[in-house]
Amino acid sequence: MDLKDIEQDLAGVLHTEEELHARLEELAREIERDYEGRSILLVGVLRGAVMVMADLSRALRRDVEMDWMAVSSYGSGTTSSGVVRILKDLDTDLTDRDVLIVEDIIDSGLTLSWLQANLRSRGAASVEICTMLRKPDALKVEVDVRYCGFDIPNDFVIGYGLDYAERYRNLRGVAVLAPHVYASADD
Ligand code: 5GP
Ligand code: MG
Ligand code: MG
């Protein structure tokens with residue numbers, strides 16, 4: 001891939017930057033059709049969704065509003081706790097709004113199913129989900145995902161906004177993190 005100093009940390013590339021962008025263009029056409037005549041509030045989930053938000057919002061050939069939330073998920077480890085906390089809330093009133101949550105990845109689904117219910121309870125007209133990646137084999141709860149970029153195997157991945165201990169987010173594609181990286185950190 002493109003960051004020479006981390007080549008030894010990667011176990012393989014899953015999706016290149018070109019593949020991610022091409023898929024986002026397809027999703028953008030679907031979103032344009034589905035939301036015709038309605039305003040859209042894109043809600044990005046910090047910090048992982050920054051890249052998806054930047055690229056999806058610019059792929060859309062229409063006006064959108066954007067807001068951001070931060071919720072707790074994995075900390076710096078690689079397994080889900082299932083405990084969701086709001087670290088930064090929205091600034092926007094959701095009453096009667098059509099909300100599209102923009103996420104990097106759905107793993108267990110615990111974060112997103114909680115977040116979708118939470119935003120619905122604020123009086124939004126609709127709350128749909130767009131995620132770049134999803135791990136079908138890791139799902140613990142049903143999540144109603146309207147737009148999904150790619151289904152991927154149940155491995156810990158990094159890049160395109162996804163981190164391990166805050167590193168690797170600026171990798172342009174999505175890659176599997178070599179197990180030796182987190183095995184040595186957990187000792
Ligand atoms: P979930 O609640 O669906 O299990 O996961 C929520 C969050 O955990 C994601 O938004 C993401 O921040 C993090 N996460 C889940 N799987 C991965 C992964 O494979 N790699 C990275 N870097 N983060 C992940
Ligand atoms: Mg996320
Ligand atoms: Mg993370």
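Residues 1 to 187 (my numbering) make up the sequence shown, in order.
We put the beta carbon where it would ideally sit given N, CA and C, even for glycine.
All values derive from a computational prediction rather than experimental measurement.
Query                                                                                                      : Result
Same chain only: Cβ atoms within 7 Å of Thr-16, ignoring 5 sequence neighbours per side                    : Gly-173
Cβ-based neighbour list, Asp-2, same chain, cut-off 7 Å, excluding 5 preceding and 5 following             : Arg-172
Cβ separation of Met-66 and Ser-57, assumed to be a contact under 8 Å, to the nearest whole Å              : 6 Å
Residue burial classification, Gln-8 (beta-carbon count within 10 angstroms, cutoff 16)                    : exposed
6 Å CB neighbourhood of Ser-126 in its chain, flanking five on each side removed                           : Asp-98
Contact check, Gly-161 vs Ala-49, beta carbons under 8 Å                                                   : yes
Any non-hydrogen atom of ligand 2 within 7 Å of Val-102 CB                                                 : no
Gly-161 beta carbon near ligand 3 (any heavy atom closer than 7 Å)                                         : no
Proximity of Ile-106 and Lys-140 at Cβ, strictly below 8 Å                                                 : no
Under 8 Å between C-beta atoms of Leu-20 and Gly-149                                                       : yes
Classification of Ser-113 by the beta-carbon crowding that lies within 10 angstroms, buried from 16 upward : buried
Span separating the alpha-carbon of Leu-24 from that of Asn-118                                            : 26 Å
Endpoints, beta strand (DSSP E) assigned at Ile-101                                                        : 98–106
Burial state of Ala-28 (16 or more Cβ within 10 Å)                                                         : buried
Coarse secondary structure for Val-71, derived from DSSP in three states                                   : strand
Segment limits, alpha helix (DSSP H) that includes Glu-17                                                  : 17–34
C-beta contact flag for Leu-60 and Glu-26 at 8 Å                                                           : no
Residue range of the unbroken alpha helix (DSSP H) whose run includes Ala-49                               : Segment: none, Ala-49 is in no alpha helix (DSSP H) and carries neither H nor E.
Residue from Ser-108, Glu-128, Arg-122, Thr-131 with nearest C-alpha to Glu-142                            : Ser-108
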